[in-house]
Every structure is written in C-alpha cells, then in structure tokens.
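**Student:** Before I ask anything, let me first share the structure, which is written out below as structure tokens.
In mature numbering (1 follows the signal peptide of the UniProt record, and there is no 0), the protein residues as written are -20 to -1, 1 to 455.
This is how it looks when you write it as structure tokens:
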C-alpha cells in the first residue's frame, strides 16, 4: 500500500474521532430549508469557513477579493481557504485536528469515504424543500443519481457540470484528406494512418502522428476505444464480483489494436513520456491528428488557435468513440465535484443558503467569469472581460453549469456544445474505490507494455489480472 494511501487512511481515522467529539447536532436529523438573504428566521451568524480546491481566486490576493465579492453579493462573511497543493491531504489533516468548516469542496470519491465514516450531514430534506435545487432547470432530476450514496441518501450538491472524456479529432484534416469521421476500430485505424502518411499539415515533411495521448502519470484516456469491446474503465461489479474490465480477456483485442498503431508509427512513440500538456501541444502544433481528453478542451483548443490566427482552418471536434457489440457508445464521465456540510459545521443553515446561491445567476457569474471590476466590467448590463479575466478563461471553479436559466454572456467556445452533448448522451461514471490508485498503477504498467509490444497483449492482460488478484484489488 502506498505511503499516500496510508497517510489518507490515518487522517481519516483521526477525522472520525475529531468529528465525533465535536458538537454539531444529530446528523441523522436534516436541517430545515436554508433561509434566504435577509430572512430573520435564520438565527445563525451569517458567516462561513470554506475550504475549496479549485473554486476561488487564482492568486492569494484574488482569493481575498473573492471573499469580498461573496460578502457584497450575499451579505455572508466568508473565510475562503484554498491550499495551493495537496488539497485532500491538507483538508483531512485540518479536520482531523479538530478544525471546523461549514463547507468543503470534494470529489464524489472523497464524499463517499467521508459519508461511510459518518461525518457528513445528509441533505435530502433541504434539497427537496429548496425551490432552487429541486428545480429541474437548475439541476436536472436525473443527475442526482450520480451523487446518491450507498444508503440512498444525498450528502453533496454539485458545484458545477462535470464533463467527460472522448477522442478529439482534427476535423479540418479529415476534410482536407477527403475522409469521414471514424466509427469502428478499422475506420479509426484508416483515418489515423492517413494522418500519419498523407501530410495533413501540408509542410512536405513526414512529421505527423495519427494519435497521441498521455502516458504520464497515468495511461490516459482510452475509454472511447475500449468501448468497442463494451468495456468500462476502472471497476464494474459482475455477478457480485469486483472486476477491472481492462484486465479481462475481452480487452485483449483492443490492446492488440493499440499495439498495431504503435508498431506502425501511427501513435506518437513518446506517448509514455507525455503529460497532458505535451499531448495538447502536439495537437495544437499540427503534430498529431487525434488526442483523448476532456470535452471542455474542444472549445479551448479551438479558441487558442483562433486567438493565434483568426483565419485558421484548425478545427477540433469531439467524437463518441466506437460503439460496442450492442451498438452503444461508452464514454467516461468525470466524478462529480460537490459541496458537503460536515456534521460539526458551526453554521449549517448558512452553508446550505450559500449552496443554493451558488446555483443562482450571481453565484454562477462568480464561479465562472469571476469578480466584478477585477475579472469583468459591467457596462449597463453588457459584460466585458478585463485582461485578467481573459487570462482566467472564465473559470473560477465553475467553467460549466447546469442552470438553464443562466446563459453564458460570452457564448460557448467553438465545439464545446456538441462535445458536451456527447457526454450527456453516452458517458457514465465508473466505480472508484479508495484503493483505485494501487490498481491504476498496475493497469498503467502492463497497459504500456501491451501498447509498446514489450509483452504480447494477452500476456500483459494476464499479468495485470494476476497482480490485481494478488493484491486483492479484484475478486
């Protein structure tokens, strides 16, 4: 077991002790619906202590301005704590030492761990009573299934719309070479081979690859291809047993297909050393015709090239991957990011009031565009980004949101809407237990060996499966 995992487990044990010894009321009894700003029925002091990972200012100075903007817009005095690194470890350490927070921003994975420890307040009653959060135009009804815990209760409320991953193709290269978007593994092979061999960038040099992705720190992101075999990333439960589909015999043909691309020089041979930044740069720099990444980046990639050259023909486009034997596409949905309220929160009603406000127009504006007169100017209702706002790319923790009543005043970046529609239609969450990091290390190691041909795909899959079993990571 990794030192990081042992550290997290130790912190979690301390956390339970700390919370159980702190006053916070009976967590089995939900709070009343939160009061709105100015509601005298809310007898709590309207102040909050918040710890967040990506939500807030981009710098310590802007974080202070973020606190001031919350105060201006809601009347709530807030202390906004945003560690610069190692968020999960610092959050757990702070709570386990007895510190009290009103709101925490966490992933669904961390929410589930904290819920199992009994240190979170269930929010079902408040959500049901909330005109804001129960409105399907604000938060679609079906989305709540994503954050239901094993006990059927809801302990977290979405901070944003979380997208998914997919193959992203140079659609301008497709059109230039007289091709069509691929839909089967054979069609992907043919298109990617053409990107390698037919000089799609027109520079007369054999310097392009069909596909690149990130191999560091993780082998990332192949779900769109494994969809061809009907295989889901990470864990699934089959006949009551925990299984890693990428480590099953059904995965062998996909690993073999990837190895074929690698042997023929269609995959960037340095993918093992690529982080996501290098991967993106190869795509933006006309070196690779396809990457595998998040839907939001379709728009960012297009916008980046447009800013460099308004007349560019560059066009990134998201694809649904390859349909499986049942004809269905299978993309990956990112774990939801949620607000949670600890059982020992000093101001739980005000915390829930803030969660409701976060999904209002003002809350969404702050979480996306940013701070008035810092990130944007309001000229009689017409918003204009400052240079700082442009640099912050309309992302202060909520680049995309659910609320249909709040349009983006600047519109969506090119290609994002279509990519997000693919996510909503075809992407689902996978199971991510607390020991996933250990399993992922094994999958990465043997997955890379299978792609590069260091081991035959069948042998790599067998070794992958044997090690997962040996470490009791699968049944």
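Ideal placement from N, C-alpha and C gives every residue a C-beta, glycine not left out. Computed from a predicted structure; not experimentally measured.
What are the start and end residues of each continuous alpha helix (DSSP H) run of 4 or more residues lying completely inside the region 387 to 414, in chain order?
**Tutor:** Complete alpha helix (DSSP H) runs here, min 4: 396 to 406.
**Student:** Hey, out of 92, 255 and 247, whose CA is closest to residue 131's CA?
**Tutor:** Taking the chain shown and counting its residues from 1, one reaches residue 131 at position 151. Minimum Cα distance to residue 131 is reached at 92.
**Student:** Rounded to whole angstroms, what is the Cα-Cα separation between residue 171 and residue 154?
**Tutor:** On the chain shown, residue 171 is found 191 positions in, with the first residue counted as 1. On the chain shown, residue 154 is found 174 positions in, with the first residue counted as 1. Near 8 Å, if we compare the C-alpha coordinates of residue 154 and residue 171.
**Student:** Measure the C-alpha to C-alpha separation of residue 379 and residue 439 and round it to an integer number of angstroms.
**Tutor:** On the chain shown, position 399 is the one that residue 379 refers to. On the chain shown, position 459 is the one that residue 439 refers to. C-alpha separation (whole angstroms): 42 Å.
**Student:** For residue 68, which of helix, strand or coil comes out of DSSP?
**Tutor:** Taking the first residue of the chain shown as 1, we reach residue 68 at position 88. For residue 68, the three-state secondary structure derived from DSSP is helix.
**Student:** Pick out the complete alpha helix (DSSP H) segments inside the region 73 to 120, 4 residues or longer, and give them in chain order.
**Tutor:** With a minimum length of 4 residues, the continuous alpha helix (DSSP H) runs that stay inside the region 73 to 120 are 88 to 96 and 104 to 109.
**Student:** What is the C-beta distance between residue 399 and residue 278, in whole angstroms, given that I count them as a contact (C-beta under 8 Å)?
**Tutor:** The count along the chain shown starts at 1 and reaches residue 399 at position 419. The count along the chain shown starts at 1 and reaches residue 278 at position 298. Confirmed, Cβ separation roughly 4 Å.
**Student:** Exposed or buried, which one is residue 288 when buried takes at least 16 other CB atoms within 10 Å?
**Tutor:** Here residue 288 corresponds to residue number 308 of the chain shown, with the count starting at 1. Exposed.
**Student:** In the DSSP output, what is residue 215 paired with across the bridge?
**Tutor:** Locating residue 215 in the chain shown gives position 235, counting from the first residue. Beta-bridge pairing links residue 215 to 411.
**Student:** Would you call the CB atoms of residue 35 and residue 85 closer than 7 Å?
**Tutor:** Position 55 of the chain shown, counted from the first residue, corresponds to residue 35. Position 105 of the chain shown, counted from the first residue, corresponds to residue 85. Contact: yes.
**Student:** Hey, would you say residue 26 sits closer than 7 Å to residue 75, going by beta carbons?
**Tutor:** For the purposes of this step, residue 26 is taken as residue 46 along the chain shown, with counting starting at 1. For the purposes of this step, residue 75 is taken as residue 95 along the chain shown, with counting starting at 1. For residue 26 and residue 75, no; Cβs fall outside 7 Å.
**Student:** If you drop the 5 nearest sequence neighbours on each side, which residues of the same chain put their C-beta closer than 7 Å to that of residue 447?
**Tutor:** On the chain shown, position 467 is the one that residue 447 refers to. Excluding five sequence positions before and after residue 447, the CB atoms of its chain that fall closer than 7 Å to its own CB belong to 422, given in chain order.
**Student:** Residue 251 and residue 192 - do their beta-carbons sit closer together than 7 Å?
**Tutor:** The residue given as residue 192 occupies position 212 in the chain shown. The residue given as residue 251 occupies position 271 in the chain shown. Judged by beta-carbon spacing, residue 251 lies within the 7 Å limit of residue 192, meaning their Cβ atoms are closer than that value.
**Student:** Tell me the DSSP secondary structure of residue 201 in three-state form.
**Tutor:** Counting from 1 along the chain shown, the entry for residue 201 is found at position 221. Here residue 201 sits in coil by DSSP.
**Student:** Looking at the structure shown, is residue 274 part of a helix, part of a strand, or coil, going by DSSP?
**Tutor:** Here residue 274 refers to the residue found at position 294 of the chain shown. Strand at residue 274.
**Student:** Do you know offhand how far residue 178's Cα is from residue 168's?
**Tutor:** Numbered from its first residue, the chain shown carries residue 178 at position 198. Numbered from its first residue, the chain shown carries residue 168 at position 188. Rounded to whole angstroms, residue 178 to residue 168 spans 15 Å at the Cα level.
**Student:** Does the structure place the region 37 to 46 close enough to the region 344 to 364 that three or more beta carbon pairs sit under 8 Å?
**Tutor:** yes
**Student:** Under the three-state reduction of DSSP, which class applies to residue 283: helix, strand or coil?
**Tutor:** Sequence index remark: in the chain shown, residue 283 carries index 303 (1-based). If DSSP states are grouped into helix, strand and coil, residue 283 belongs with the helices.
**Student:** Looking at the secondary structure, which residues open and close the beta strand (DSSP E) in which residue 419 lies?
**Tutor:** Within the chain shown, the letter at position 439 stands for residue 419. Careful: residue 419 lies outside any beta strand (DSSP E), inside the alpha helix (DSSP H) at 416 to 432.
**Student:** Could you give the C-beta distance for residue 242 and residue 433, rounded to a whole number, given that I count them as a contact under 8 Å?
**Tutor:** By 1-based counting over the chain shown, the position of residue 242 is 262. By 1-based counting over the chain shown, the position of residue 433 is 453. Right, their Cβ atoms sit about 7 Å apart.
**Student:** Could you tell me the boundaries of the beta strand (DSSP E) in which residue 39 lies?
**Tutor:** Within the chain shown, the letter at position 59 stands for residue 39. Residue 39 -> no beta strand (DSSP E), and no H or E assigned at all.
**Student:** How many Å lie between residue 262 and residue 201 at the Cα?
**Tutor:** Looking up residue 262 in the chain shown gives position 282. Looking up residue 201 in the chain shown gives position 221. One C-alpha to the other measures close to 16 Å.
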